[in-house]
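Colleague: Note that the sequence shown ends on residue 1020 in the working numbering; no numbers are left out.
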Amino acid sequence: MKTIKLHFILFLLFLRLIASSATADEKKTLDNWGIIYGISGTLINETTVDFDIKLLGNKFYFNNQSFLITRNTMPAKDFFINNNIEQTYFDLKEQQELLAYNYNIKLNDSITYLQFDKTIDNSLLKQYVTQNRQVILLDDILLLFGKNGEPVFYSKPYFEKAFIKDVPQLPIIAVPFNADDAFILYRDEVLKKLSIHYKNFLDLPWSATDIYGAKFSPISSIINPIFIDVFWDSGEADSFLYLFSSDYKVLDKLLIFSYITTTRGGPGGDGQAVGYRYFTIDKNYFIERRQRFEDETMEIQHFQVTNKGKFQELPTTSNCYREFAIKDKSQHSAQSLLLTSNQANNYLRFDGGRLDELDDVTLTFNPNEKTLCVNYQQAYSVTFGKANSKQFFDNEALYQQQVENFKKYHIDISNELEYVTFENIDELPIVKFLLNGNQAIYMNNTLFIVGKDYFVAYRQPTKEELVYTQ
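(1) Can you give me the Cβ contacts of residue 1000 inside the same chain, cut-off strictly under 6 Å, excluding the 5 residues immediately before and after it?
(2) Give the secondary structure of residue 683 by DSSP, where H, G and I count as helix, E and B as strand, and everything else as coil.
(3) Enumerated in chain order, which unbroken segments of the alpha helix (DSSP H) with a length of 4 residues or greater are wholly contained in the region 905-983?
(4) In chain order, which continuous runs of the alpha helix (DSSP H) of length 4 or greater are located wholly inside the region 683-762?
(5) Any contact of the region 791-805 with the region 767-774, i.e. 3+ C-beta pairs under 8 Å?
(6) Which of the three DSSP states, helix, strand or coil, is assigned to residue 1017?
(7) Please say whether residue 956 and residue 993 have beta carbons closer to each other than 9 Å?
(8) Which of helix, strand or coil does DSSP assign to residue 851?
(9) Which of helix, strand or coil does DSSP assign to residue 675?
(10) Given 8 Å as the limit, is there contact between the region 886-897 and the region 932-949, that is, 3 or more CB pairs closer than that?
(11) Restricting to runs no shorter than 4 residues, where is the alpha helix (DSSP H) found entirely within the region 762-808?
(12) Shortest alpha-carbon distance to residue 652 belongs to which of 696, 743 and 598?
(13) By Cβ distance below 8 Å, which residues in the same chain neighbour residue 782 in space, the five residues on each side in sequence not counted?
(14) Taking only three categories from DSSP, how would you classify residue 838?
(15) Under a Cβ-count criterion, where at least 16 other Cβ atoms within 10 Å of its own Cβ denotes burial, should residue 624 be classed as buried or exposed?
(16) Just the C-alpha distance for residue 831 and residue 867, rounded to the nearest angstrom, thanks.
(17) Rounded to whole angstroms, how far is the Cβ of residue 729 from the Cβ of residue 829, which I believe are closer than 8 Å?
(18) Is the CB-CB distance between residue 635 and residue 666 below 9 Å?
(19) Around the Cβ of residue 872, are there at least 16 other Cβ atoms within 10 angstroms (buried) or fewer (exposed)?
(20) Once DSSP output is grouped into helix, strand and coil, what is the label at residue 1009?
(21) Residue 571 to residue 802, Cα distance in whole Å?
(22) Note down, in chain order, each residue of its chain lying with its Cβ closer than 6 Å to the Cβ of residue 810, except the 5 sequence neighbours on either side.
(23) Count the other CB atoms within 10 Å of the CB of residue 914; is the residue buried (16 or more) or exposed (fewer)?
(24) Can you give me the start and stop residues for the alpha helix (DSSP H) that residue 643 sits inside?
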């Protein structure tokens, strides 16, 4: 009896081993090869975007079918001649430098090709192989052929085992970090280019054409944040904050920057940008992002990185306004702050000078309501006053300097000036630039922040800038 039980247990263990092996194989077959779209200069049939392709050993998986293949080599030119698509060969040779630089596709003198048998003839795949039932394998790039030999490229996906080898090569960046910092990284070409093969691993669609990255210091032993720029075949670009585990599995990702188009004036016009055009990440990985829509309403969201490596949205509030835009529940987060187009456009515009420290600060000044609103969310009381200019500056050299500065704005402050005092703003970045700790000059609908080494003007928006007209 014991012998029978032992044999039965061994049999169950054998079945479990087979099942686990099958599961592992099934998991491997989920590693789809992703299309690289349009690099041949030809229009690719949209059907090819949704192809489900895997290549494992001597099996080629296509959608719900599998085919046996053999791997062979021959001179590249002979392959194209034998398959009656010689012109495709010369077209690819002309593009060789571009393909090698952008996609690591190298058309060598000798190539590897996959040979299918006649079982492919009843499959949709038959339309994307050569007349001899062949396709090309260029290292990690699969080359299928459409009508008249038009090339369709698919890239093998890379996963965390490959990604972890590239992480040490990424440049290091620091928090706090914002949209202006991201632009500097792009402008100065700081980001490191990553293989397009990571598209599946990073959960990016087929239309991604270039991927660049830089890494922050680990948040903890199990959370590694990485900033990633993705360029699309449309020419536009998005920025993501990814969170990876200690072994570089993707824990979560958040879109933080996305340039789509402009509103007023159309694409390339002088209107406000549509999309995620503003974000900040503080030293504790508290994140604010803003999204502007076609009607110029603006949604502000707050996120915090949790100790499990997830982005948790937090409620966003404001005491700057009495009423807000009406949300469409299918489009907007229940915890976000949605501003009307009038509220979103009612901010002070730079009108001269520069203070880099204030680049990520949005100021809204409402004289009638005697309030200064910072970043659309926190309101501060304001009082108005007039003063003798020399007494206000209490420094002869500074007085003379500012008299000359204001002449550029056709304002005479040689005797008297008008100023505002902000209440309870001790914690704001702007404080260290204000006179007497909390004062600025406000004349001719313009707020002037002045000091010995800086002179910055913020003007009120015009009616055209304030009111959205389609």
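Glycine included, each C-beta is placed from N, C-alpha and C at the ideal position.
Modeller: Based on what the coordinates show:
(1) To locate residue 1000, count along the sequence shown from 1; it is residue 450. So the qualifying residues of the chain are 952.
(2) The count along the sequence shown starts at 1 and reaches residue 683 at position 133. Note: residue 683 maps to coil in three-state DSSP.
(3) Restricted to the region 905-983, the alpha helix (DSSP H) segments that are unbroken, complete and at least 4 residues in length are 939-943 and 946-957, listed in chain order.
(4) 710-716 and 729-737
(5) yes
(6) As a first step, residue 1017 is located in the sequence shown; it is residue number 467 there, counting from the start. Per DSSP, reduced to three states, the secondary structure at residue 1017 is coil, with no helix or strand assignment.
(7) Locating residue 993 in the sequence shown gives position 443, where the first residue counts as 1. Locating residue 956 in the sequence shown gives position 406, where the first residue counts as 1. Yes, the pair counts as a contact, with Cβ atoms nearer than the cut-off.
(8) For the purposes of this step, residue 851 is taken as residue 301 along the sequence shown, with counting starting at 1. It is a strand residue.
(9) Numbered from 1 along the sequence shown, position 125 holds the residue referred to as residue 675. In this structure, residue 675 counts as helix in the three-state DSSP scheme.
(10) no
(11) Listed in chain order, there is nothing to give.
(12) As a first step, residue 652 is located in the sequence shown; it is residue number 102 there, counting from the start. Comparing Cα positions, the closest option is 743.
(13) The count along the sequence shown starts at 1 and reaches residue 782 at position 232. Closer than 8 Å at the Cβ level, and outside the excluded window around residue 782, lie 757, 758, 759 and 788.
(14) For the purposes of this step, residue 838 is taken as the residue at position 288 of the sequence shown. Strand, per DSSP.
(15) Translated into the one-based positions of the sequence shown, residue 624 becomes position 74. Looking at its Cβ environment, which holds fewer than 16 other Cβ atoms inside 10 Å, residue 624 is exposed.
(16) For this step, residue 831 is matched to residue 281 along the sequence shown. For this step, residue 867 is matched to residue 317 along the sequence shown. One C-alpha to the other measures close to 18 Å.
(17) Position 179 of the sequence shown, counted from the start, is the residue given in the question as residue 729. Position 279 of the sequence shown, counted from the start, is the residue given in the question as residue 829. Right, their Cβ atoms sit about 5 Å apart.
(18) What you label residue 635 is simply residue 85 of the sequence shown in a count that begins at 1. What you label residue 666 is simply residue 116 of the sequence shown in a count that begins at 1. Taking 9 Å as the Cβ cut-off, residue 635 and residue 666 do not qualify as a contacting pair.
(19) Your numbering for residue 872 matches position 322 in the sequence shown. It counts as exposed.
(20) Taking the sequence shown and counting its residues from 1, the one referred to as residue 1009 is at position 459. Correct three-state label for residue 1009: strand.
(21) Within the sequence shown, residue 571 is the residue found at index 21, counting from 1. Within the sequence shown, residue 802 is the residue found at index 252, counting from 1. Interpretation of residue 571 is limited by its pLDDT of 39, a score under 50 that renders its predicted location unreliable; no figure is taken from the coordinates.
(22) For the purposes of this step, residue 810 is taken as residue 260 along the sequence shown, with counting starting at 1. 824 and 825, listed in sequence order.
(23) Within the sequence shown, numbered from 1, the residue matching residue 914 stands at position 364. Counting Cβ neighbours within 10 Å, residue 914 comes out buried, since at least 16 surround it.
(24) Counting from 1 along the sequence shown, the entry for residue 643 is found at position 93. 636-644 is the span of the alpha helix (DSSP H), which, as asked, contains residue 643.
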